[in-house]
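Novice:
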Amino acid sequence: MNSINIFPNLWRFIGLTAVQFIILSKVSLTANGYCNILLYPLFILFLPIQLATPAAVFLGFLIGLTVDLLTQTPGVNASAGAMSGYIRAALLFRYAPRGGYTAKEPIPSPHYFGWRWFLSVTAIFFAVHVFWYFSMAYFTPVYLLSKILPQTLLGWSLTMVIVVLYTRLFNPKI
Amino acid sequence: MHSIIQLFIRHGGLLTLVVLEVVCFYLIASFNDSQRQISSVSWLKYSGQLLEWKTEGLDYLSLKEQNERLRNQIADLGTQLTNARLAGGTPPDTFAYAVKIDTLERQIARPEFTLIPAKVISNTISGSNNWLMINRGRRDGVQPNTGVITAGGLAGIVRYVSDDFAVAMSVLHRQTKISASLKNYEYFGSLIWEGDDPQYMTLTDIPSHISVQRGDTVQVSQFSLLFPAGHLAGRVDSAYLKPGSNFLSIVVKLSQTPAAFNNVYVVNNKFSDQIDQLQQAVKDE
Numbered sequence: 001m002n003s004i005n006i007f008p009n010l011w012r013f014i015g016l017t018a019v020q021f022i023i024l025s026k027v028s029l030t031a032n033g034y035c036n037i038l039l040y041p042l043f044i045l046f047l048p049i050q051l052a053t054p055a056a057v058f059l060g061f062l063i064g065l066t067v068d069l070l071t072q073t074p075g076v077n078a079s080a081g082a083m084s085g086y087i088r089a090a091l092l093f094r095y096a097p098r099g100g101y102t103a104k105e106p107i108p109s110p111h112y113f114g115w116r117w118f119l120s121v122t123a124i125f126f127a128v129h130v131f132w133y134f135s136m137a138y139f140t141p142v143y144l145l146s147k148i149l150p151q152t153l154l155g156w157s158l159t160m161v162i163v164v165l166y167t168r169l170f171n172p173k174i
Numbered sequence: 175m176h177s178i179i180q181l182f183i184r185h186g187g188l189l190t191l192v193v194l195e196v197v198c199f200y201l202i203a204s205f206n207d208s209q210r211q212i213s214s215v216s217w218l219k220y221s222g223q224l225l226e227w228k229t230e231g232l233d234y235l236s237l238k239e240q241n242e243r244l245r246n247q248i249a250d251l252g253t254q255l256t257n258a259r260l261a262g263g264t265p266p267d268t269f270a271y272a273v274k275i276d277t278l279e280r281q282i283a284r285p286e287f288t289l290i291p292a293k294v295i296s297n298t299i300s301g302s303n304n305w306l307m308i309n310r311g312r313r314d315g316v317q318p319n320t321g322v323i324t325a326g327g328l329a330g331i332v333r334y335v336s337d338d339f340a341v342a343m344s345v346l347h348r349q350t351k352i353s354a355s356l357k358n359y360e361y362f363g364s365l366i367w368e369g370d371d372p373q374y375m376t377l378t379d380i381p382s383h384i385s386v387q388r389g390d391t392v393q394v395s396q397f398s399l400l401f402p403a404g405h406l407a408g409r410v411d412s413a414y415l416k417p418g419s420n421f422l423s424i425v426v427k428l429s430q431t432p433a434a435f436n437n438v439y440v441v442n443n444k445f446s447d448q449i450d451q452l453q454q455a456v457k458d459e
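In order, the protein sequences belong to chains E and A. According to the numbering used here, the first sequence is numbered sequentially starting from 1. According to the numbering used here, the second sequence is numbered sequentially starting from 175.
1) Please decide whether residue 214/A counts as near chain E, where near means a Cβ-Cβ distance under 8 Å.
2) Taking 8 Å as the cut-off, decide whether the C-beta atoms of residue 430/A and residue 306/A are in contact.
3) Decide if residue 107/E is buried, meaning its Cβ has at least 16 other Cβ atoms within 10 Å, or exposed.
4) Grab me the residues of residue 180/A's own chain with a C-beta within less than 6 Å of its C-beta, minus the 5 sequence neighbours each way, in chain order.
5) Tell me which same chain residues have a C-beta within less than 6 Å of the C-beta of residue 85/E, skipping the five on either side of it?
6) Is it buried or exposed, residue 237/A, if we count other Cβ atoms within 10 angstroms and call 16 or more buried?
7) On the DSSP letters alone, give me the boundaries of the beta strand (DSSP E) that residue 21/E sits inside.
8) Go ahead and pull the three-state DSSP assignment for residue 233/A.
9) May I have the straight-line CA-CA distance separating residue 289/A from residue 414/A, to the nearest angstrom?
10) Inspect the beta-carbon positions of residue 299/A and residue 372/A and report whether they are closer than 8 Å.
11) Alpha carbon to alpha carbon, how far is residue 443/A from residue 255/A?
12) Answer yes or no: does any C-beta atom of chain E fall closer than 8 Å to that of residue 195/A?
13) Give, in chain order, every unbroken run of the alpha helix (DSSP H) that is at least 4 residues long and sits entirely within the segment 78-143 of chain E.
14) Any C-beta of chain A sitting closer than 8 Å to the C-beta of residue 139/E?
15) Could you name the residues of chain A that residue 61/E contacts, counting a contact when the two beta carbons are closer than 7 Å?
16) Under a CB-based cut-off of 8 Å, is residue 389/A close to chain E?
17) Hey, is the segment 222-239 of chain A in contact with the segment 414-428 of chain A, meaning 3+ C-beta pairs nearer than 8 Å?
18) Should residue 410/A go down as buried or exposed, given a rule of 16 or more other Cβ atoms within 10 Å for buried?
19) Measure the CB-CB distance between residue 380/A and residue 421/A and report whether it falls below 8 Å.
20) Using the Cα positions of residue 324/A and residue 349/A, report the straight-line distance between them to the nearest angstrom.
21) Please state if the CB of residue 95/E and the CB of residue 105/E are separated by a distance shorter than 8 Å.
This is the structure we're talking about:
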């Protein structure tokens, strides 16, 4: 547990929230909701592997709520963030390497586990997050086929592109 | 306390998630316009459903009570109906009106019958003399020699009474003899059971010149002391002339299946004692 480094996570929290609010939410507004890129969940994904699940769920809720307060959609991103915190734990458990995680791999990034592994995990992780986000945004199963699923598919594709670009660019190690 | 901590260690992530999602749902439904509308409409819709389920459940649990209450209500209404039928039977001529305001008023509009709701707790139909037992007795006001009816037919005549129970001879008893008439005809006769099919009784003493039709209504006659006049007994099934007799034997299909006696009413005739005494006086003479 002493290997948990708080500052990289703090910077990611601030940086990703800022990018989400300043750039991506504006893009989303101009594109009439059909260009929803949700980058901030990367903060949740890149939390330390050894972090306890309740803490990850709570931090996911926290960054979601922060984004919500900025974009004035109280609860929508917070709900998706908390869900992502939980899904992340499940995914990390499911995709654990044969010998389990060690202190040599502080965060689930491609630097330690390779791109193949990283893409499998992020694909599911963001699919769940984006789907949950739109479910909360529409808040009724009536729009499931007409709005929620198409927009999830579109938002997920765009998000994955940006996620890959971001990870290539920064290649986070801690 | 220990087990709660254990629970949290094992399912802490899920618990945190559930708590936070509840908070989020609250936030979403409170502070976002479109979601608030959706949730309030859904709440209306599903709370109605929910309440309906709740009511249905409670209804089911109280069925027995309600049944009891309804039977009491039927007894009350039946009492009113039979008495109203009797009161209405008096022709409204000037004489009746003249005496009505006098001391005789009480007797014209007199309530004759009271019904006591009861449940059949044992019943036979296969013997040649059949009996049924009901769960009301002396303490409930049941007396010997009172009629027992169902809502749509006849059941029997009370013979023996204990404190809490009573035994009645069923309509399917050789000694049962009920004064009955054909609706729309002046004639009346005795409804008896000849020991055959438990669904049929025989109406005797109807003059042979009457052309009865299948399906004609057979009801309690106005001369019955035990049963309220006009109460449905059954419908004509067939009629035949016994050799050497001038009277028809009419086979009547009972409106109340004797095998299905369940909720019954004991008919108390307030004046049966007085009438009995008078009849006895005539006999002794």
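Yeah, the Cβ is synthetic: ideal placement off N, Cα and C, and Gly gets one too. The structure displayed is predicted, hence computed values, not measured ones.
Specialist: In this structure, then:
1) Numbered from 1 along the second sequence, position 40 holds the residue referred to as residue 214/A. Under the Cβ distance rule, residue 214/A does not count among the residues neighbouring chain E, no pair being separated by less than 8 Å.
2) Residue 430/A sits at position 256 when you count from the first residue of the second sequence. Residue 306/A sits at position 132 when you count from the first residue of the second sequence. Against a cut-off of 8 Å, the Cβ pair of residue 306/A and residue 430/A comes out as no contact.
3) Translated into positions along the first sequence, residue 107/E becomes position 107. Per the 10 Å Cβ criterion, buried.
4) One-based indexing of the second sequence puts residue 180/A at position 6. Taken in chain order, the list of residues that qualify is empty.
5) In the first sequence, the residue the question calls residue 85/E occupies position 85. 44, 56, 57, 60.
6) For the purposes of this step, residue 237/A is taken as residue 63 along the second sequence, with counting starting at 1. Flag for residue 237/A reads exposed.
7) The sequence position of residue 21/E within the first sequence is 21, counting from 1. For residue 21/E, no beta strand (DSSP E) encloses it, and the DSSP letter there is neither H nor E.
8) Along the second sequence, one-based indexing puts residue 233/A at 59. Three-state result, residue 233/A: helix.
9) As a first step, residue 289/A is located in the second sequence; it is residue number 115 there, counting from the start. As a first step, residue 414/A is located in the second sequence; it is residue number 240 there, counting from the start. Their backbone Cα atoms lie some 36 Å apart in a straight line.
10) Here residue 299/A corresponds to residue number 125 of the second sequence, with the count starting at 1. Here residue 372/A corresponds to residue number 198 of the second sequence, with the count starting at 1. Cβ distance < 8 Å, so residue 299/A and residue 372/A count as in contact.
11) Walking along the second sequence from the start, residue 443/A turns up at place 269. Walking along the second sequence from the start, residue 255/A turns up at place 81. If I take the Cα positions, the gap works out to 14 Å.
12) Sequence index remark: in the second sequence, residue 195/A carries index 21 (1-based). With 8 Å as the cut-off, residue 195/A counts as an interface residue toward chain E.
13) The alpha helix (DSSP H) runs lying completely inside the segment 78-143 of chain E and spanning 4 residues or more are 110-113, 115-138, given in chain order.
14) Taking the first sequence and counting its residues from 1, the one referred to as residue 139/E is at position 139. Output row for residue 139/E: interface = yes.
15) The sequence position of residue 61/E within the first sequence is 61, counting from 1. The answer, in chain order, is 194.
16) On the second sequence, residue 389/A is found 215 positions in, with the first residue counted as 1. No - not a single Cβ of chain E is within 8 Å of the one on residue 389/A.
17) no
18) Here residue 410/A refers to the residue found at position 236 of the second sequence. Around the Cβ of residue 410/A, a 10 Å sphere holds 16 or more other Cβ atoms; the residue is buried.
19) Translated into the one-based positions of the second sequence, residue 380/A becomes position 206. Translated into the one-based positions of the second sequence, residue 421/A becomes position 247. It is a contact, given that the beta carbons lie within the stated cut-off.
20) On the second sequence, position 150 is the one that residue 324/A refers to. On the second sequence, position 175 is the one that residue 349/A refers to. Going from the Cα of residue 324/A to the Cα of residue 349/A covers about 20 Å.
21) Locating residue 105/E in the first sequence gives position 105, where the first residue counts as 1. Locating residue 95/E in the first sequence gives position 95, where the first residue counts as 1. Cβ atoms of residue 105/E and residue 95/E: not closer than 8 Å.
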